[in-house]
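First residue of the sequence shown: 582, per the numbering used here; consecutive thereafter.
Here's the structure, in structure tokens; my notes come after.
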Amino acid sequence: MQKIALIFDFDETLVEESTSAFVASLGLDVENFWKTVDGELVKNGWDPVIAYLYKLIEVSNSSPEKIITKQRFKDFSANLTYKKGVETLFENIRQFTANNFRNVEPEFYIISSGIGEIIRNATIAREMTDIWACDFQYDKNGKINFPKNIISFTDKTRYIFQISKGMIGEEYRGKPYEVNRLIPPEDYHIPINHMIYIGDGMTDIPCFSLVKRFGGIPIGVYDSTKSLGKAWQFIEDNRVSNLHSANYEKDSDLYNSILMAMQSIVSKSE
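Spelled out as structure tokens, the structure:
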């Protein structure tokens with residue numbers, strides 16, 4: 582069975598920006614939150630991802646009304662706003678694959694710098710073979726107290742290699758060095774040239790570059806004309822193969838581009 586990996590970023594790729602929406606749900610001014618993260622922390626040498634996780638812990642400790650718990654993340658997940666067509670995308674791709682290819686199976690993954698507890702409780706999480714995102718350590722009452730797992734820019738590429746080597750699922754939790762184990766090419770679960778990576782932002786650039794360098798297909802998405810200029814830079818810098826509005830409905834340009842990417846991968850391996 583030939584497998585094709587479709588790997589997605591999460592925020593602004595599959596859903597509206599969930600971290601900002603969560604910050605708003607705490608009654609905070611979103612713009613001021615990010616200004617503080619950038620101005621007080623990132624400007625002084627913090628990694629942007631560590632900075633926002635730290636700031637959330639600070640907010641959680643600031644008052645009883647703003648305490649952030651695992652349950653609060655889980656409850657928030659029920660209110661995520663998905664991009665058009667996302668909730669039917671995965672079944673549509675499975676059906677297309679079954680109708681058009683022999684011995685081909687799609688697998689879906691999320692690699693995100695967002696909050697894992699939100700992503701894993703999203704309704705689309707059940708569609709994923711695996712999910713990697715940032716996580717917190719929680720105290721005995723379920724309150725966040727320290728970042729447990731951080732996925733920043735180049736960190737994302739580690740999980741491309743884990744997918745390729747088949748190091749997926751619960752058995753590989755707590756085994757961070759396994760990804761460095763030498764595996765013969767013929768034993769790879771999914772070679773990188775059988776991967777499609779879909780993302781929208783600066784944290785996706787290392788994955789765009791890696792997947793493209795090894796013959797896979799990176800696709801950039803954007804949300805509006807406001808973000809189109811930023812996204813267009815991906816084309817000018819030769820980071821992505823295609824760039825589309827984040828609309829996954831059947832017959833949209835993005836949906837058709839994904840199907841054509843799959844067809845290209847299959848035809849090259851025949």
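Each residue gets a CB set at the ideal place from its N, CA and C atoms; glycine is no exception.
Check: Counted within 10 angstroms of its Cβ, other Cβ atoms place ASP832 as buried (16 or more) or exposed; Outcome: exposed
Check: First through last residue of the alpha helix (DSSP H) which encompasses SER733; Outcome: It is not in any alpha helix (DSSP H) - SER733 carries neither H nor E in the DSSP assignment.
Check: Nearest to LEU791 (by Cα), restricted to the options HIS775, VAL802, ASP804; Outcome: HIS775
Check: ASP834 - containing alpha helix (DSSP H), residue span; Outcome: 834-850
Check: At least three beta-carbon pairs within less than 8 angstroms, the region 723-732 to the region 690-699; Outcome: yes
Check: CYS715 - partner residues in DSSP beta bridges; Outcome: ILE696
Check: Neighbourhood of TYR829 by C-beta, 7 angstroms cutoff - its chain only, sequence neighbours within 5 removed; Outcome: LYS664, LYS665, GLY666, VAL667, LEU670, LEU835, TYR836
Check: 7 angstroms Cβ shell around THR710 - same chain, five flanking residues per side excluded; Outcome: GLU688, PHE689, TYR690, ILE749
Check: Continuous alpha helix (DSSP H) assignments of at least 4 residues falling wholly in the region 638-709; Outcome: 651-658, 667-681, 697-701
Check: Contact set for ARG794: own chain, Cβ-Cβ below 7 angstroms, skip 5 residues either direction; Outcome: none
Check: Whole-angstrom C-beta distance between THR594 and VAL760, which should lie under 8 angstroms; Outcome: VAL760 to THR594, Cβ: 23 angstroms. No contact.
Check: is_contact[ARG707, chain C] using C-beta, thresh 7 angstroms; Outcome: Of the protein chains in the structure, only one exists, and it is not chain C.
Check: Sequence-distant residues of its chain with Cβ nearer than 6 angstroms to ASP785 (five each side left out); Outcome: ASP590
Check: Contact under 7 angstroms by Cβ, VAL596 with ALA605; Outcome: no
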